Amino acid sequence: MTNWNNPDFNPQSLTSDGIVVNDLNNGMLVRSLASGDTLVSITNADGTAGNPTISLTSDV
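The sequence shown runs 1491 to 1550 under my numbering.
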């Protein structure tokens, strides 16, 4: 991950909260986790209040 050692890396330039990832052009993107099913629950998906928590519902 070249951006972590890049002097141009500036997390203050991000415009939203979330999990920071590299794109293919060594740019920064902000992501959050998402569930595509009602059987999986994700709490704090963007990681702003601590680690995301992934749980299975009681229907599994």
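Think of the CB as a built atom: it goes at the ideal place given N, C-alpha and C, for glycine as much as any other residue.
This structure is a prediction, so every number in the text was calculated from the model and none was measured.
Can you check which of these residues, the options, is closest to residue i by C-alpha distance?
i            : options                : result
residue 1528 : 1547, 1506, 1504       : 1547
residue 1549 : 1530, 1524, 1536, 1539 : 1530
residue 1539 : 1507, 1520, 1503       : 1507
residue 1518 : 1526, 1536, 1525, 1509 : 1509
Here's a check: name, in chain order, each residue in its chain whose Cβ is nearer than 6 Å to the Cβ of residue i, leaving out the five neighbours to either side.
i            : result
residue 1533 : 1543
residue 1536 : 1507, 1508, 1522
In angstroms with no decimal places, state the Cα-to-Cα distance between residue i and residue j.
i            : j            : result
residue 1524 : residue 1502 : 24 Å
residue 1504 : residue 1520 : 8 Å
residue 1526 : residue 1515 : 28 Å
Spatial neighbours of residue i within its chain, please: C-beta separation below 7 Å, excluding the five flanking residues on both sides.
i            : result
residue 1513 : 1519
Quick check on DSSP: helix, strand or coil for residue i?
i            : result
residue 1503 : helix
residue 1546 : strand
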